[in-house]
Structure formats: C-alpha cells, structure tokens
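Engineer: Quick one: structure below, then a few questions.
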Amino acid sequence: MIKYAKISPEMLKTELFSGFSRRQEVTKCWRREGGRWVVKDIAFVDDWDSGDHERVLRQLRGVLESGGAVWGAFDGDALKGFASVSGGLIGSRKQYAVLEELHVSEDRRRQGIGRELFGLAADSARELGAEKLYISTMSAVESQGFYVGMGCVEALEPDPGHVEKEPCDVQREYAL
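Positions 442 to 617 (our numbering) are the ones given, in order, by the sequence shown.
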C-alpha cells in the first residue's frame with residue numbers, strides 16, 4: 442500500500458532512490474512546427490544513473506531551502522514516486538509556483554500515484570499563494586497525456602529560463 446508524506450532534508454540521501462526506477466522508453470514526442478503541435482517519431486530511453494540521483498537530490502534540497510515542498514510516495518520504506526514545488530513564485534504577476542519534479546517509478550506507473558502526487562503538489566502551490574502551477578515537461582506522448590489528463594493547458598506565459606534550459610519541453614500550466 443502506498444503512503445504519501447513530505448520528504449524532509451534528512452531523507453535526501455542517495456539511498457532514497459534504491460527502490461526507484463526512472464526508466465522510460467520513449468518512441469514519440471510532441472514538437473511545435475509551423476505554429477502547431479505535431480507528434481514526431483523520436484526514440485530514446487530516459488533512465489537515471491547515480492549522477493542523476495545526485496543532481497536530483499541537490500535540486501530537491503534547493504526546493505526545500507526555497508520554502509517549497511517535496512512529497513514522496515512510499516511502499517514501505519521504498520520511494521515509488523515524488524513531486525516537488527519550489528518556494529518562490531514566477532511570472533509577470535508572480536502567479537506561478539513551479540512543479541520542479543514529478544516522477545513515478547517504472548514498476549508503479551498507471552496506479553494513480555502520479556495523480557495523487559500532482560494533487561499534493563497543487564495543494565502546496567496554493568499554500569504558497571500561487572494562482573497556477575507551472576510545468577516544463579518532457580514532450581514524450583505519454584508524459585503529455587498525463588498532464589493533459591490532469592487538466593493542464595499550454596502555458597499562457599512561457600518562462601524564458603525554462604524554455605532556454607529545455608527547449609524541447611512543453612510549457613504547461615494548471616489553474617489552482
């Protein structure tokens with residue numbers, strides 16, 4: 442049975458990822474061409490190694506230091522999913538809280554964990570005073586299907602920093 446809890450700074454150690462597999466085999470991605478979105482045959486495997494774990498741990502620590510929140514989905518002691526929302530707001534009116542991460546372990550996808558983590562992240566964004574959640578998300582068809590299914594739309598105000606960092610990502614928002 443999955444239990445959801447906030448992740449504290451003390452929990453952010455490499456062992457946290459010992460039961461977590463980020464692996465995703467991607468075959469199709471959305472790309473903007475001629476002012477419209479099209480699906481392209483783009484294949485790759487997104488998988489994390491220990492270097493990625495360290496990078497994500499640093500980012501999650503930064504989220505907590507900024508006053509944000511990190512939520513985990515646990516099967517016993519094993520992390521099976523997590524989401525994080527930064528503490529600072531962005532946008533022309535500071536209307537967006539940023540969903541920095543949302544991942545579910547390969548062995549536990551399509552079981553409602555992502556939906557629950559998204560809801561917890563949205564609650565954290567509301568507590569920060571945001572009007573919307575901002576998501577710079579992988580363009581894989583499966584990833585986009587999840588966010589559209591959650592009610593996310595294309596961001597009305599794409600954040601230049603996120604666009605520059607990940608030019609192939611789709612910039613989305615979710616009204617809180």
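Backbone N, C-alpha and C fix where the C-beta goes; we use that ideal spot for every residue, glycine too.
Exposed or buried, which one is Lys-535 when buried takes at least 16 other CB atoms within 10 Å?
Structural biologist: Locating residue 535 in the sequence shown gives position 94, counting from the first residue. The residue is exposed, with fewer than 16 neighbouring Cβ atoms inside 10 Å.
Engineer: Note down the Cα distance separating Glu-613 from Ala-563, rounded to an integer number of angstroms.
Structural biologist: The sequence position of residue 613 within the sequence shown is 172, counting from 1. The sequence position of residue 563 within the sequence shown is 122, counting from 1. With the sequence shown as reference, residue 613 is identified as Arg, and Glu is not the correct amino acid for it. Whole-angstrom Cα-Cα distance: 14 Å.
Engineer: Leaving out five residues on either side along the sequence, give the residues of the same chain with a beta carbon under 6 Å from the beta carbon of Glu-506.
Structural biologist: Taking the first residue of the sequence shown as 1, we reach residue 506 at position 65. None.
Engineer: Give the list of continuous beta strand (DSSP E) stretches no shorter than 3 residues that lie fully inside the segment 450–523.
Structural biologist: 465–474, 477–487, 510–516
Engineer: DSSP on Lys-573, reduced to helix/strand/coil?
Structural biologist: Against the sequence shown, residue 573 aligns to sequence position 132. Reduced to three states, the DSSP call for Lys-573 is strand.
Engineer: Less than 8 Å between the CB atoms is what I'm expecting for Leu-561 and Trp-512, so what's the real figure, rounded?
Structural biologist: Within the sequence shown, numbered from 1, the residue matching residue 561 stands at position 120. Within the sequence shown, numbered from 1, the residue matching residue 512 stands at position 71. Right, the Cβ-Cβ distance comes to about 4 Å (below 8 Å), so this counts as a contact.
Engineer: What do you reckon, are the CB atoms on Ser-580 and Trp-471 nearer than 8 Å?
Structural biologist: Stepping through the sequence shown from its first residue, residue 580 is reached at position 139. Stepping through the sequence shown from its first residue, residue 471 is reached at position 30. In contact: Ser-580 and Trp-471 (Cβ atoms closer than 8 Å).
Engineer: For Lys-535, which three-state DSSP category applies?
Structural biologist: Here residue 535 refers to the residue found at position 94 when the sequence shown is read from its first residue. DSSP places Lys-535 in coil when its eight states are reduced to three.
Engineer: Going by DSSP, what residue range makes up the alpha helix (DSSP H) through Arg-567?
Structural biologist: Residue mapping note: residue 567 aligns to position 126 of the sequence shown, counting from 1. Start and end: 554–568.
Engineer: Using the DSSP secondary-structure output, state which residues sit across from Val-604 in a beta bridge.
Structural biologist: Numbered from 1 along the sequence shown, position 163 holds the residue referred to as residue 604. Paired residues: none, contrary to the question.
Engineer: For Lys-555 versus Leu-543, is the C-beta spacing smaller than 8 Å?
Structural biologist: For the purposes of this step, residue 555 is taken as the residue at position 114 of the sequence shown. For the purposes of this step, residue 543 is taken as the residue at position 102 of the sequence shown. For the sequence presented, residue 555 should be read as Gly rather than Lys. Their beta carbons are under 8 Å apart, which means Gly-555 touches Leu-543 by this criterion.
Engineer: For Pro-599, which option in Val-582, Leu-617, Leu-574 has the closest C-alpha, if you only look at C-alpha atoms?
Structural biologist: Translated into the one-based positions of the sequence shown, residue 599 becomes position 158. For Pro-599, the closest C-alpha among the options Val-582, Leu-617, Leu-574 is that of Leu-574.
Engineer: Exposed or buried, which one is Gly-522 when buried takes at least 16 other CB atoms within 10 Å?
Structural biologist: Here residue 522 is taken as the residue at index 81 of the sequence shown, counted from 1. Per the 10 Å Cβ criterion, buried.
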